[in-house]
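First up is the structure itself, then whatever we jot down about it.
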Amino acid sequence: MTLFWRIFSLNAAVLAVATVGLLLGPVTVSTPVVLTEAVVLIGGLAAMLVANAVLLRIGLAPLARLTRTMTTIDLLKPGTRLPVTGRAGIAALIRAFNAMLDRLETERATSAARALSAQEAERKRVAQELHDEIGQTLTAVLLELKRVADQSPPPVRDQLRQVQETTRNSLDEIRRIARRLRPGVLEELGLTSALRALTTEFSTAGLAVQRQIGPDLPTLSEDVELVLYRVAQEGLTNVARHADARHAALILRREGDGVELRIRDDGRGVGTASEGAGIHGMRERALLIGAALTVAPGPEGGTDVSLRVTR
1 MTLFWRIFSL NAAVLAVATV GLLLGPVTVS TPVVLTEAVV LIGGLAAMLV
51 ANAVLLRIGL APLARLTRTM TTIDLLKPGT RLPVTGRAGI AALIRAFNAM
101 LDRLETERAT SAARALSAQE AERKRVAQEL HDEIGQTLTA VLLELKRVAD
151 QSPPPVRDQL RQVQETTRNS LDEIRRIARR LRPGVLEELG LTSALRALTT
201 EFSTAGLAVQ RQIGPDLPTL SEDVELVLYR VAQEGLTNVA RHADARHAAL
251 ILRREGDGVE LRIRDDGRGV GTASEGAGIH GMRERALLIG AALTVAPGPE
301 GGTDVSLRVT R
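Take 1 as the starting number for the sequence shown in UniProt numbering and just add one per residue.
Listed below in structure tokens is the structure:
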């Protein structure tokens, strides 16, 4: 029976019972209406309305759950499904909604994988150009400045030395940007060395980053290592930019057959602010490898970001 006929049947049943009660009962209506008759009619009407409301609430309860789920669903937090309850049309609607979520999550994961793959390729290209072209150009400028400075009188030589120092700082900054765009240490020395270099880079004035990397980590694929590195990078970037923290910790340890990455800080915490692009990016990367990402307040304040990867 469809939802329409179910609601129609409920209303028809209530009206039929009321009609039979009027026909077979001792109640009559006078002209003008007597007070006792009015009280009986109003009481009967109230009873019909209450019975109708209760029956409809029971019958439409699965639709209310479906509505709440539809307004709060987040494809970046997969796995939310409604239990198939109710009859006929309502059960079919819930099954169709769950199937739609399956399809949307699959399509989003596929499109996100293509987008992030293209993003990594673009990062690699830009990093290569920064290193090979701009880096080499600045290196040539440094050599030329040194040659000119060696042949210049002392006042000009001092100014050229300052220009050399500024150019050298710019070259170091370009190399740092290139490393962040495409960490060569990750490809050459592995995840552990890359995370050590990352924590050292973020251990700047005002922020101390501790690391705890387990010695018994399982063998991980290149995609998993890249996602772990990018999540750690984004997590520490958020700490440095937004958390107002003095201490942070990066923890990578074995958990069963998989690994868990945690980034904790003693900053101001997430509060009631909505998730920004950085956390959304981490969630999309987690979906690529079927990992679970949680962002929650830390046990002693601050923020606790956890990425669990299962094999």
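By construction, the Cβ of each residue, glycine as well, lies at the ideal position given by its N, Cα and C atoms. All values derive from a computational prediction rather than experimental measurement.
- With a beta-carbon spacing of about 11 Å, aspartate 257 and arginine 308 fall beyond the 8 Å limit used to define contacts.
- Straight-line spacing of the CA atoms in proline 153 and arginine 161 works out to 12 Å.
- Contact check between the segment 111-125 and the segment 139-148: fewer than three CB pairs, one atom from each, fall below 8 Å, which does not count as touching.
- Taking the Cα positions, threonine 294 is about 5 Å away from serine 306.
- Of the candidates Gly298, Glu234, Leu261, Glu234 places its Cα closest to the Cα of glycine 276.
- Distance from the CA atom of alanine 13 to the CA atom of threonine 19, rounded to whole angstroms, is 10 Å.
- Under DSSP, no beta-bridge partner is assigned to glutamate 284.
- The residue from Val17, Val34, Arg57 with its alpha-carbon nearest to that of arginine 6 is Arg57.
- In this structure, glycine 206 lies away from arginine 175, with their beta-carbon atoms at least 8 Å apart.
- In the DSSP assignment, isoleucine 213 falls within the unbroken beta strand (DSSP E) covering 208-213.
- Each residue's CA atom was taken as its position, placing leucine 236 and valine 224 some 18 Å apart.
- When DSSP assignments are scanned along the segment 81-153, no uninterrupted stretch of beta strand (DSSP E) that is 3 or more residues long falls wholly within it.
- The C-alpha of valine 50 lies about 12 Å from the C-alpha of leucine 10.
- With contacts defined as CB atoms closer than 8 Å, tyrosine 229 and leucine 287 fail to qualify as a contacting pair.
- For alanine 249, the enclosing beta strand (DSSP E) has its first and last residue at 247-255.
- Distance check between asparagine 238 and each of Ser170, Gly278, Ala249 places Gly278 closest, using alpha-carbon atoms only.
- Beyond the five residues adjoining it in sequence on each side, alanine 248 comes within less than 6 Å, by CB distance, of Val209, Val239, Asp265 in the same chain, given in chain order.
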